[in-house]
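All remarks here apply to the structure that follows.
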Amino acid sequence: MTIRLLLADDHPVVRAGLRAVLDAEPDFTIAAEAATAERAVELAAAGGIDVVLMDLQFGAGMHGSEATAAIAARPGAPRVLVLTTYDTDADILAAVEAGAAGYLLKDAPPEELAAAVRTAASGQSALAPAIAHRLMDRMRAPAEALSRRELEVLQLVRDGLSNQQISKELFLSQATVKSHLVHIYAKLGVDSRTAAVATATSRGLMRRG
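Per our numbering, residue -16 is the first one in the sequence shown, and the count goes up by one each step.
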């Protein structure tokens, strides 16, 4: 069986590198390429694709997680394998919740990438060992792990937004924003916005600003 692939990445050099690696596999065919997340959604919807290799960051426009959700929502959709440089909790959670079949880092060896593609194509989960370990840690210590919403709030804090601005951005009341911050401080063992951002960043919960 031939696995038909869609490469979705805004960097031509990255797509060329992926093509070179994946073309060497006898059961893979590069069916299409997309330089934007929007184009990836269009091509996935058109049919003829088994697995989408999806970057997360495309510069302007739709985020890779949004594209993953749009693709995964369709019946009979191709499987989406996220291939990115980001390994923060915020990125991993967003991709998994969007319906990604797997999550791999771009520095993965070619044989690991090929195995992940085949695993995703077969309908199974294809998480890189390090990513799976991170998710398992969250499950073992849920009281200490920040929720998706708490991570969103903290990322906006890092971007310099006030509680009022965060409430507008996330469509929450200011009281709810304050409640999230109280929970964040307690989980991270800090007592200020600056310390919360620094601690979360150092623990790999979110990207550096």
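For glycine and all other residues, C-beta sits at the position ideal for the given N, C-alpha and C.
Per-residue burial, M119 [other beta carbons within 10 Å of its own, 16 or more giving buried]: The residue you call residue 119 lines up with position 136 of the sequence shown. By the neighbour-count rule (16 or more Cβ atoms within 10 Å), M119 is not buried but exposed.
C-alpha distance - L164 paired with V136, whole-angstrom precision: For this step, residue 164 is matched to residue 181 along the sequence shown. For this step, residue 136 is matched to residue 153 along the sequence shown. Each residue's Cα considered, the two are about 8 Å apart.
Could you check if R186 is buried or exposed, using at least 16 other CB atoms within 10 Å of its CB as the buried criterion? The count along the sequence shown starts at 1 and reaches residue 186 at position 203. Label assigned to R186: exposed.
State the DSSP-derived secondary structure class of R57, mapped to helix, strand or coil. Along the sequence shown, one-based indexing puts residue 57 at 74. Of the three classes helix, strand and coil, the one that applies to R57 here is coil, per DSSP.
Output yes or no for whether 8 Å exceeds the beta carbon distance between L36 and L(-10). Numbered from 1 along the sequence shown, position 53 holds the residue referred to as residue 36. Numbered from 1 along the sequence shown, position 7 holds the residue referred to as residue -10. It is a contact, given that the beta carbons lie within the stated cut-off.
According to DSSP, simplified to helix, strand and coil, what is I149? For the purposes of this step, residue 149 is taken as the residue at position 166 of the sequence shown. Here I149 sits in helix by DSSP.
Mind the definition here: the region 65 to 82 touches the region 27 to 41 only if three or more C-beta pairs lie below 8 Å; say whether that holds. yes
On the premise that D90 lies in contact with R62, defined as a C-beta separation below 8 Å, what is that separation, rounded to the nearest angstrom? What you label residue 62 is simply residue 79 of the sequence shown in a count that begins at 1. What you label residue 90 is simply residue 107 of the sequence shown in a count that begins at 1. Rounded, the Cβ-Cβ distance is 22 Å, inconsistent with contact.
From G85, R141 and R(-13), residue whose alpha carbon lies closest to that of D10: Walking along the sequence shown from the start, residue 10 turns up at place 27. The shortest Cα separation from D10 among G85, R141 and R(-13) belongs to R(-13).
Separation of A78 from A52, as counted between CA atoms: Position 69 of the sequence shown, counted from the start, is the residue given in the question as residue 52. Position 95 of the sequence shown, counted from the start, is the residue given in the question as residue 78. Roughly 8 Å between the two C-alpha positions.
Taking buried to mean at least 16 other C-beta atoms within 10 Å of its own C-beta, is D174 buried or exposed? The residue labelled residue 174 in the question sits at position 191 within the sequence shown. With fewer than 16 Cβ atoms within 10 Å of its Cβ, D174 is classed as exposed.
Starting from Y86, follow its DSSP beta bridges and name the residues at the other end. Stepping through the sequence shown from its first residue, residue 86 is reached at position 103. DSSP, once it has assigned bridges, lists V65 and L110 as partnering Y86.
What would DSSP say about L96, mapped onto helix, strand or coil? By one-based count along the sequence shown, residue 96 stands at place 113. In this structure, L96 counts as helix in the three-state DSSP scheme.
Tell me the DSSP secondary structure of L76 in three-state form. Here residue 76 refers to the residue found at position 93 when the sequence shown is read from its first residue. L76 falls in the helix class under three-state DSSP.
Going along the chain, which residues of its own chain have a beta-carbon closer than 7 Å to the beta-carbon of G31, five neighbours each way excluded? Walking along the sequence shown from the start, residue 31 turns up at place 48. Closer than 7 Å at Cβ, skipping near neighbours: R(-13) and A14.
Would G143 be called buried (16 or more neighbouring beta carbons within 10 Å of its own) or exposed? Within the sequence shown, residue 143 is the residue found at index 160, counting from 1. G143 should be labelled exposed.
Name the one or two DSSP bridge partners that I(-14) has. Position 3 of the sequence shown, counting from 1, holds the residue named residue -14. Listed as beta-bridge partners of I(-14) by DSSP are F11.
Run of the alpha helix (DSSP H) containing V4, from where it starts to where it stops: Along the sequence shown, one-based indexing puts residue 4 at 21. Looking at the DSSP string, the run of the alpha helix (DSSP H) that includes V4 is P(-5) to D6.
Output the boundary residues of the beta strand (DSSP E) element that contains L164. Along the sequence shown, one-based indexing puts residue 164 at 181. Run containing L164: none in the beta strand (DSSP E); it sits in the alpha helix (DSSP H), Q157 to L171.
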